[in-house]
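At position 32 of the sequence shown the residue is numbered 34 (the numbering used here), and the sequence of numbers has no breaks.
Glycine included, every Cβ here is placed at the ideal spot set by N, Cα and C.
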Amino acid sequence: MEGAKDGGNKILFVTVGSHKFDDLIKQIDTKDFHIFLRRQGFAKMTMQIGEGTYEPKLTYRHSRNKEDFLTRVKFFRYKKDLQKDLQKADLILSHAGSGTTIEGLRMKKKMLIVVNDKLKDNHQLAFARFLHSLNYLEPEPFLRDLRALMEEAK
3 MEGAKDGGNK
13 ILFVTVGSHK
23 FDDLIKQIDT
33 KDFHIFLRRQ
43 GFAKMTMQIG
53 EGTYEPKLTY
63 RHSRNKEDFL
73 TRVKFFRYKK
83 DLQKDLQKAD
93 LILSHAGSGT
103 TIEGLRMKKK
113 MLIVVNDKLK
123 DNHQLAFARF
133 LHSLNYLEPE
143 PFLRDLRALM
153 EEAK
């Protein structure tokens, strides 16, 4: 596996769509998670945080490659078009929204889909189960330790 010591340069793109998914953003906005990503060969992380009230605190850019830290972490709320972000990503960590999920599948991207179970009608769980029935993905119905999920997804 490519890691920090051998110059991993993978990109993680996180997207929560237009809704609030602060629980997901809070879980990835930790020093431990950033170190974990670096050890998995990631160098950069970009987060699309939607209308969430929580803004990531650990955003930075290192001019030199630090062994235990990502080289760049940034976030934004919305963009008209996420195509470039999706195309650049080596892994997409996404809510189970239909637009992002279908686009990621179309691009044949590695994806980790997490259901935002705080939405009123829980439509994301229904959509994820439908895609699972077609053997497209294994949905994660509840937010749990993302490090464990990423280890399983290898």
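Query, Result
"Does the Cβ of N11 have 16 or more other Cβ atoms within 10 Å, making it buried, or fewer, making it exposed?", "exposed"
"Just to confirm the assignment, what range does the beta strand (DSSP E) spanning K28 have?", "Segment 24 to 30 is the alpha helix (DSSP H) holding K28; no beta strand (DSSP E) there."
"Does the beta-carbon of L84 have 16 or more other beta-carbons within 10 angstroms, so that it is buried, or is it exposed?", "buried"
"Starting from L136, trace the alpha helix (DSSP H) in both directions and tell me its first and last residue.", "From DSSP, L136 is part of no alpha helix (DSSP H); its letter is neither H nor E."
"Kindly provide the ranges of any beta strand (DSSP E) runs that are 3 or more residues long and lie completely inside the region 88 to 140, ordered along the chain.", "93 to 97, 113 to 116"
"Beta-carbon within less than 8 Å of K22's beta-carbon, same chain only, minus the 5 sequence neighbours each way: which residues are those?", "G52, E53, G54, T55, K120"
"Pick from V117, T61, D34: whose alpha carbon is nearest that of L133?", "V117"
"Could you pull out every residue in the same chain whose Cβ sits closer than 7 Å to the Cβ of D8, ignoring the five residues on either side in sequence?", "Residue placement at D8 is poorly supported in this model, since its pLDDT is 47, which falls under 50; the coordinates still yield a value, given next. Result list for D8: empty, nothing under 7 Å."
"Are the beta-carbon atoms of D92 and I13 separated by less than 8 Å?", "yes"
"State the DSSP-derived secondary structure class of I37, mapped to helix, strand or coil.", "helix"
"Using three-state DSSP, classify K86 as helix, strand or coil.", "helix"
"I'd like to know if the region 71 to 80 and the region 28 to 39 are in contact, where contact means that at least 3 CB-CB pairs between them fall below 8 Å.", "yes"
"Just tell me which of I94, G101, P58, T32 has its CA closest to the CA of F129.", "G101"
"Assuming F71 is part of the beta strand (DSSP E), what are its boundary residues?", "Per DSSP, F71 belongs to no beta strand (DSSP E) and is neither H nor E."
"Whose C-alpha, out of T32, M113, L136, Q29, is nearest the C-alpha of Q89?", "M113"
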